[in-house]
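Those protein sequences? They're chains Z and L, same order as listed.
Per the working numbering, the first sequence starts with residue 1, numbered consecutively.
Per the working numbering, the second sequence starts with residue 268, numbered consecutively.
Just so you know, even glycine gets a beta-carbon here, dropped at the ideal spot from N, CA and C.
Let me begin by presenting the structure, written as structure tokens, before commenting on it.
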Amino acid sequence: MTTTTVTGTAVEPRLRARRDAGRKLLVPYLTGGVSADWTDHLRAYAAAGADAVEIGLPFSEPMVDGPTVQEASERALHRGATVRGILADLREVRLDVPLIVMTYYHLVAREGHAAFCAALADAGVRGVIVPDLPLEELAGLEQAAAEAAVDLILVAAPSGTPSRQREIARRSRGFVYAVSAMVTTGERAELPASAGEFAARLKEHTDLPVLLGFGISTAEQAVAGTSAADGVVVGSALMRRLLDGATPADLGAQVAMLRDALDAAYR
Amino acid sequence: MGAITAAGLPALLPAAGLMHDPGATGRFGDYGGRYVPEALIPACAEVEEAFRAAWADAGFRRDLDRLLTVYAGRPTALTPAWNLSAELGVTVLLKREDLAHTGSHKINNVLGQALLARRMGRTRLLAETGAGQHGVATATAAALLGLSATVFMGQKDMARQALNVHRMRLLGAEVVEVTSGSRTLKDATSEAMRHWVTCVDEAYYCLGSVMGPHPYPWMVREFQRVIGEEARAQCAAELPAAIPDYVVACVGGGSNAAGTFAGFAGTAAQLVGVEAAGGAAISGGQVAVMHGHRSYAIQDEHGQILEAESVAAGLDYPGIGPEHAHLHDLGRARYVTVTDDEVIDAVRRLARSEGILPALESAHAIAWVLRAARDGELPLGATVLVTLSGRGDKDMTTLMEIS
Numbered sequence: 001m002t003t004t005t006v007t008g009t010a011v012e013p014r015l016r017a018r019r020d021a022g023r024k025l026l027v028p029y030l031t032g033g034v035s036a037d038w039t040d041h042l043r044a045y046a047a048a049g050a051d052a053v054e055i056g057l058p059f060s061e062p063m064v065d066g067p068t069v070q071e072a073s074e075r076a077l078h079r080g081a082t083v084r085g086i087l088a089d090l091r092e093v094r095l096d097v098p099l100i101v102m103t104y105y106h107l108v109a110r111e112g113h114a115a116f117c118a119a120l121a122d123a124g125v126r127g128v129i130v131p132d133l134p135l136e137e138l139a140g141l142e143q144a145a146a147e148a149a150v151d152l153i154l155v156a157a158p159s160g161t162p163s164r165q166r167e168i169a170r171r172s173r174g175f176v177y178a179v180s181a182m183v184t185t186g187e188r189a190e191l192p193a194s195a196g197e198f199a200a201r202l203k204e205h206t207d208l209p210v211l212l213g214f215g216i217s218t219a220e221q222a223v224a225g226t227s228a229a230d231g232v233v234v235g236s237a238l239m240r241r242l243l244d245g246a247t248p249a250d251l252g253a254q255v256a257m258l259r260d261a262l263d264a265a266y267r
Numbered sequence: 268m269g270a271i272t273a274a275g276l277p278a279l280l281p282a283a284g285l286m287h288d289p290g291a292t293g294r295f296g297d298y299g300g301r302y303v304p305e306a307l308i309p310a311c312a313e314v315e316e317a318f319r320a321a322w323a324d325a326g327f328r329r330d331l332d333r334l335l336t337v338y339a340g341r342p343t344a345l346t347p348a349w350n351l352s353a354e355l356g357v358t359v360l361l362k363r364e365d366l367a368h369t370g371s372h373k374i375n376n377v378l379g380q381a382l383l384a385r386r387m388g389r390t391r392l393l394a395e396t397g398a399g400q401h402g403v404a405t406a407t408a409a410a411l412l413g414l415s416a417t418v419f420m421g422q423k424d425m426a427r428q429a430l431n432v433h434r435m436r437l438l439g440a441e442v443v444e445v446t447s448g449s450r451t452l453k454d455a456t457s458e459a460m461r462h463w464v465t466c467v468d469e470a471y472y473c474l475g476s477v478m479g480p481h482p483y484p485w486m487v488r489e490f491q492r493v494i495g496e497e498a499r500a501q502c503a504a505e506l507p508a509a510i511p512d513y514v515v516a517c518v519g520g521g522s523n524a525a526g527t528f529a530g531f532a533g534t535a536a537q538l539v540g541v542e543a544a545g546g547a548a549i550s551g552g553q554v555a556v557m558h559g560h561r562s563y564a565i566q567d568e569h570g571q572i573l574e575a576e577s578v579a580a581g582l583d584y585p586g587i588g589p590e591h592a593h594l595h596d597l598g599r600a601r602y603v604t605v606t607d608d609e610v611i612d613a614v615r616r617l618a619r620s621e622g623i624l625p626a627l628e629s630a631h632a633i634a635w636v637l638r639a640a641r642d643g644e645l646p647l648g649a650t651v652l653v654t655l656s657g658r659g660d661k662d663m664t665t666l667m668e669i670s
């Protein structure tokens, strides 16, 4: 049993409080280690009104990611990014927003569930998303995460049976991550109407915040998605610009624009 | 000590539980499973359910057996390698999957899965391919059964297996070039899985080896079991002892080896899987969760999967099927490696001695036999079954560049 001092901002209380206050939640994504100044991007996200930030721990086989996040992962790995190195950087950041990491199960399993969660907690990370770990294999990590006070955020997909979606909603912690459509991550021209319907269905099973992700790039899509969902995760649209050379100030401005659009739409 | 066992039999022969149904969780010991995004879980469950029903359905089995016989040319021959045997002082028997339609064992699995796809009402087959043999087999089965086919292939493999790219297109398949990562089989597999997410309702993922999420490792082994069952019966007719001392096959993902081993898992034969030295998941890797299953894969000290490096595109894969990992842990099968140089020598040697040009992949198995006979690891007079998984015509460009 590892004892760790809990640091960082807890995910669920913060998101719940803000949702209950009538705010739509905005969670921007960044691939850890993608650039030398990657933590400056995180600071810019937080300053621009992010309610939490999602940090990708890059893996060489990113199965749910489309071309943009694949490219960002490759770039980060090429720069020598490692799980330990990214967590060490996060430990120094000390932001007043919840930090959530997203990674693939291989990188979790090779460390061991307890050791991995303890390392997250030690870095002030209070949420984790592992998109290739299905419900059937969840128990070990679920327990380790709970013991480390890290929320294991589960991903629900539109293809799931009602009973699976109900169980995901029941066992998720922090929030429920609703995949907007049967796609990989990446920018899309349109957010299908079914995305909102899916988020609404999930909300029938849980009072946790339900956030839509995958394919939400623009302010219009964020506003449309949050008509049913409690918030959105925006990743590839930001990473595309970062890969094209955007500075932390540029990306901060993009997050602020999304923030303003959500606030204006739901005032 | 003290228990009297038949001479030469391994002490442990857990035949009853070996190479059978891995159950609902798809586990082979600690390996296997279904590590895929939530979006693909229902699709995998549907394939499993359909396969269980089809495999228990005499009508499905009859349809598949007929295609394997009148279309694919089964049973394939068991050819004694007369000249090589005399030179080596061991009896080498070749299971001739190179004689199957489309030139490799891949057709066995693909005909089974294509029939399953049609039974499930799917209209399109998705596949990944390395050397192009699985892609060609998929394009072939799609043409035969009136399905369309989309094949994902790494850019590097499309260049070195250009002939197979043309074959697939001639057969009517769409070949999608994959430019991510190492631009080989590993990346083609990831891309095929990503694409499957977007079209699960109309497309069937026709995976080419004993890997991926449950039920694929089990299902593909069952469709390839025909190799081992035929070979077992043929060996019984050919060998005084009925069972060969050694059963040898090359291993990338490991489908021809799994099919071959399935026929001999419950016998005293020593099972040997031969990996490429540059993609030796078991000899040089650690436990990994990748492409939907838990098994072994080569990786760096931070857990990132390494790029394999082999002259044989079909073995240029950093992982291995989960059941092989289990057989390795049990000690029931042994996994060894050979180098590219040994492989090229083996191609030449078999071509000259027997008039058989093996695929670079298959030549790995031959290369180990040559080395083991030379080193005395194979005792004089030993009997060795080698599965010759495919023919070498596709590799002529590579061979011409080397010589």
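| Query | Result |
| --- | --- |
| Is it true that the region 139 to 148 of chain Z meets the region 162 to 169 of chain Z, where meeting means three or more beta-carbon pairs spaced less than 8 Å apart? | no |
| Sorted by chain position, which residues of the same chain lie with C-beta nearer than 7 Å to Z:Ala219's C-beta, five sequence neighbours on each side aside? | Met257, Leu258, Ala261 |
| Pull out every residue of the region 63 to 74 of chain Z whose Cβ sits closer than 9 Å to any Cβ of chain L, in chain order. | Met63, Val64, Asp65, Gly66, Pro67, Gln70, Glu71, Glu74 |
| Please list the partners that L:Tyr563 has in chain Z, where partner means a Cβ-to-Cβ separation under 9 Å. | Within chain Z, no residue comes near L:Tyr563; the closest Cβ sits about 12 Å away, beyond 9 Å. |
| Using DSSP's beta-bridge definition, name the partner residues of L:Leu566. | The displayed chain sequence assigns Gln, not Leu, to residue 566 of chain L. Paired residue(s): L:Ile572. |
| Report the neighbours of L:Glu469 on chain Z: residues whose CB is nearer than 9 Å to its CB, in chain order. | What L:Glu469 touches in chain Z: nothing, since even the nearest Cβ is about 11 Å away. |
| Kindly indicate the opening and closing residues of the alpha helix (DSSP H) around L:Cys311. | 308 to 322 |
| Answer with buried or exposed for Z:Pro13, where buried requires no fewer than 16 other C-beta atoms within 10 angstroms of its C-beta. | exposed |
| Since L:Gln537 sits in a beta bridge, which residues does DSSP pair it with? | L:Tyr513 |
| Based on the DSSP secondary-structure assignment, which residues constitute the bridge partners of L:Thr654? | L:Lys362 |
| Would you mind reading off the limits of the beta strand (DSSP E) that contains Z:Ser60? | Neither: Z:Ser60 is in no beta strand (DSSP E) and is coded neither H nor E. |
| May I ask you to report which of helix, strand or coil DSSP gives L:Leu382? | helix |
| When we look at the beta-carbon of L:Thr446 and count the other beta-carbons within 10 Å, is it buried (16 or more) or exposed? | exposed |
| Starting from L:Met486 and walking both ways along the alpha helix (DSSP H), at which residues does that stretch end? | 483 to 505 |
| Measure the alpha-carbon distance for Z:Thr7 versus Z:Ala123 and round it to whole angstroms. | 8 Å |
| Tell me whether the region 634 to 652 of chain L and the region 604 to 623 of chain L touch, counting them as touching only if at least three CB pairs, one residue from each stretch, are closer than 8 Å. | yes |
| From L:Ile308 to L:Ala394, what distance separates their C-alpha atoms? | 18 Å |
| What separation, rounded to the nearest whole angstrom, lies between the Cα atoms of Z:Lys203 and Z:Leu154? | 14 Å |
| For L:Gly370 and L:Gln491, I'd like the C-alpha separation in whole angstroms. | 15 Å |
| Exposed or buried, which one is L:Ser629 when buried takes at least 16 other CB atoms within 10 Å? | buried |
| Looking only at DSSP bridge pairs, what is L:Ser415 linked to? | L:Arg391 |
| Verify the CB distance criterion: does L:Gln422 have a CB-CB separation below 8 Å to chain Z? | no |
| My understanding is that L:Ile494 touches L:Thr527, with C-beta atoms under 8 Å, so please give their C-beta distance in whole angstroms. | 5 Å |
| Which residue spans inside the region 83 to 108 of chain Z form an unbroken beta strand (DSSP E) run of at least 3? | 99 to 102 |
| Please specify which runs of the alpha helix (DSSP H), each continuous and at least 4 residues long, are wholly inside the region 235 to 261 of chain Z, giving them in chain order. | 236 to 243 |
| Less than 8 Å between the C-beta atoms of L:Val556 and L:Tyr302, yes or no? | yes |
| Tell me whether the beta-carbon of L:Val403 lies closer than 8 Å to the beta-carbon of L:Val653. | no |
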